[in-house]
Each structure stands twice: as C-alpha cells, then as structure tokens.
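In UniProt numbering, the protein residues as written are 1 to 339.
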DNA sequence: AAACCGTGGGT
DNA sequence: TACCCAAGGTT
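Put into structure tokens, the structure is as follows:
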C-alpha cells in the first residue's frame with residue numbers, strides 16, 4: 001500500500017522538526033495553550049526570527065494569560081512595539097481579558113474562532129496544536145505546499161477554496177497538530193517560495209508540481225499594485241530633558257501606539273506641513289520608511305520649547321526613550337533627533 | 001471583497 | 001536598489 005502524504009510528512013517531521021520555544025518536540029505532551037496562542041498571534045505575517053525575542057520577553061514578564069490580562073494595556077502595547085500590525089496587540093489585550101474571564105481558552109476550533117484576533121487560520125492552529133483536534137490548518141506555507149503538491153494552476157486568491165479542500169483531504173485524524181506544524185516547517189525550509197529544495201523533500205515522489213517540471217512557479221499570484229510615496233513631518237519637541245509624546249488614535253495606522261506628534265500624513269495623502277505649535281524648528285533629517293501599502297518620507301523637525309503643546313500628551317524623559325514603546329517609524333525619527 | 005494594516009530579512 | 005516575502009485578521 002502506498003504511503004500517504006501525512007505518513008511521509010510526519011515521518012519527516014519526527015526527524016527534522018524545528019526546535020522552537022513555543023513548540024513541543026514530536027511525541028511530547030501538547031504545550032500550554034497560552035504559549036501556543038501567543039506564538040500564533042505573534043507569528044501572523046511575521047518571521048520566526050522576529051518573533052523569538054518578543055515571545056521570550058512576553059512569557060517572562062507575563063507567564064500566564066491571567067497575568068497578561070491583568071497588565072496595563074499601555075505596557076502590552078509598548079512591549080509589542082517593533083513587531084508591527086498593532087491591531088494584533090490591541091486584540092491580544094481583549095482576548096486575554098476574555099479568556100481570563102471565562103476561566104481558560106475554549107478547547108474547540110469553533111470556540112476559539114470567537115475570540116478577538118483569531119481568524120480561520122489561528123483558531124484551527126491552536127485547536128490542532130494545543131488541543132489535538134483534527135482541524136484543517138491553512139496558512140501561506142500550506143497554500144504553497146498544497147498548490148505545488150497538487151499542481152493547482154488557478155491563481156490566488158481564487159484558488160483558496162480548492163486548496164483548502166485539498167488540505168482537508170490530506171489532513172490525518174491523528175496528530176493533526178504535528179501535521180500542521182510539519183506542513184509549515186516544510187514550507188519554511190524545503191518548499192520555499194523561491195528555489196525550493198525538492199531533492200530534500202519527503203513529498204517529492206508524490207508531488208504533481210514537480211512531476212510537471214517547474215514547481216517554483218506555483219502558486220500563481222496576481223501582480224501587486226505600486227505603492228504611492230507620501231510626504232509628512234514629525235515633530236521632536238524637547239523641554240528640560242524630556243520629549244513630548246502623544247498616543248495615536250485606537251484605529252488605523254500604528255493605532256494605540258505612543259508616537260511623535262505629526263502633521264497628519266497617511267496612506268491616502270501627504271501631511272499638512274503644519275506644526276503643533278509655534279517654535280524655531282531645526283531639521284533633524286529625513287526618515288524613509290516603507291509600509292505594506294505605501295512608502296513615507298518623514299521629515300523630522302526639532303525644537304526646544306518652554307510650555308506644553310496643545311492637546312493630550314506626556315513629557316517622556318530622554319534617557320528612557322527606549323522604553324517608550326515607539327513603533328519603528330518613530331524610533332527611527334527619535335534616533336535622528338538624538339544623533 | 002478588496003483594502004487596510006508593519007517590519008526586517010533575503011535576493 | 002527594489003522587490004518579494006512571512007504561522008492573517010478585520011472591515
């Protein structure tokens with residue numbers, strides 16, 4: 001009888017699984033659902049290398065979902081600074097509160113799916129990895145592996161339905177969590193987006209994409225739109241060894257994060273060029289920063305003042321600027337201003 | 001349902 | 001350099 005995809009993949013995983021801080025080794029008991037949840041949210045659209053130091057910091061500072069739920073939201077947002085996609089941090093706080101309130105994580109895919117910040121992928125991943133449920137886990141790695149394995153010629157995103165169906169067909173009843181992690185490891189290390197290592201792949205003998213001759217061209221994706229370049233200004237306002245920081249609105253770009261005052265630049269257009277107060281401004285330089293859907297040229301203006309700017313904000317000590325939790329854009333601006 | 005939402009690393 | 005990409009979710 002021919003070996004199934006899941007047999008081949010699980011055998012490979014038993015020998016080659018990556019050793020990651022949030023993961024149990026093959027055969028060990030399932031890890032703490034809190035650690036699975038936290039890692040899965042951090043890993044959304046984010047590389048393993050980027051997540052590792054944040055995962056270590058969060059689990060040290062907040063060892064349980066109850067501890068995280070009890071933390072001030074500002075502390076969690078500041079600890080997330082630099083990881084990106086800050087709605088994840090806002091939802092992390094909401095989710096921790098909901099889980100602590102109900103006395104633990106839901107143990108089913110459907111129950112998990114109701115929590116803030118958990119979509120189809122993350123709910124399935126936690127159900128399978130932490131609770132051993134047979135859930136169909138489809139992320140970008142699985143899409144790529146499945147598209148190649150079954151030579152799916154339909155372009156993404158239209159192919160998602162067919163890919164999910166194929167993924168369901170190869171997902172085993174037992175070890176669904178290991179199977180999901182094996183698919184993701186395969187996608188991350190062997191069946192990579194560029195230059196797949198087919199000679200090392202446990203599925204090479206059954207891969208229809210390889211049989212067809214050019215697996216690397218799959219999955220087929222639509223061309224990306226060009227990013228506009230926007231111009232804006234940020235203001236470095238000093239008084240008595242402190243800098244004026246504001247908190248951005250809860251929705252939208254860098255929502256909920258501490259920030260420098262700026263002139264209202266956005267994805268849609270340039271800033272107004274208007275400063276938040278009259279002062280003698282010096283140019284501290286230009287920050288070029290690329291977001292997902294636009295690029296920003298941010299000119300940083302610096303001044304010393306003797307009164308508070310209008311509106312809400314706080315004077316933050318310069319020597320503790322690293323602890324302010326500025327997102328990377330404004331951390332770059334601060335570096336310029338302090339240079 | 002297409003658009004919005006970060007960042008760092010690889011090529 | 002410029003572009004692509006990564007364990008997606010929300011609206």
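Don't be surprised by glycine CBs; every beta carbon is placed ideally from N, CA and C.
For residue 81, the CB contacts under 7 Å within the same chain, skipping 5 residues up- and downstream, are 257, 325, 326, 327 in chain order. Non-local C-beta neighbours of residue 125 in its own chain, meaning closer than 7 Å and more than five positions away in sequence, comprise 40, 137, 180, ordered along the chain. Linking residue 243 to residue 95 through their CA atoms gives a straight-line distance of about 33 Å.
Residue pairing by DSSP puts residue 232 in a beta bridge opposite 298. For the 8 Å CB-CB criterion, residue 208 and residue 260 do not form a contact.
With fewer than 16 other Cβ atoms from the protein chains shown falling within 10 Å of its own Cβ, residue 268 counts as exposed. Annotated as distal: residue 130 and residue 49, with beta-carbon spacing of 8 Å or more. Counting only runs that start and end inside the region 29-87, the alpha helix (DSSP H) elements of at least 4 residues fall at 33-42, 48-61, 65-70, 73-80. Linking residue 331 to residue 75 through their CA atoms gives a straight-line distance of about 17 Å.
With contact defined as three or more Cβ pairs closer than 8 Å, the region 269-287 and the region 230-250 are in contact. Judged by DSSP secondary structure, residue 316 falls within the beta strand (DSSP E) whose first and last residues are 314-317. Apart from sequence neighbours up to five positions away, the residues of its chain that approach residue 265 with a beta-carbon distance below 8 Å are 230, 231, 232, 233, 271, 296, 298, ordered along the chain. Shown here, residue 285 sits in a strand according to DSSP, grouped into three states. Looking at the DSSP output, residue 237 bridges to 303. Nearest in C-alpha terms to residue 103, of all of 65, 285, 201, is 65. Using a Cβ distance threshold of 8 Å, residue 97 and residue 67 do not count as a contacting pair.
Here the alpha carbon of residue 112 sits roughly 7 Å from the alpha carbon of residue 105.
The region 51-66 makes no contact with the region 297-316; the number of CB pairs closer than 8 Å stays below 3.
For the 8 Å CB-CB criterion, residue 178 and residue 13 form a contact.
With a contact defined as Cβ atoms closer than 8 Å, residue 334 and residue 302 miss out at about 11 Å.
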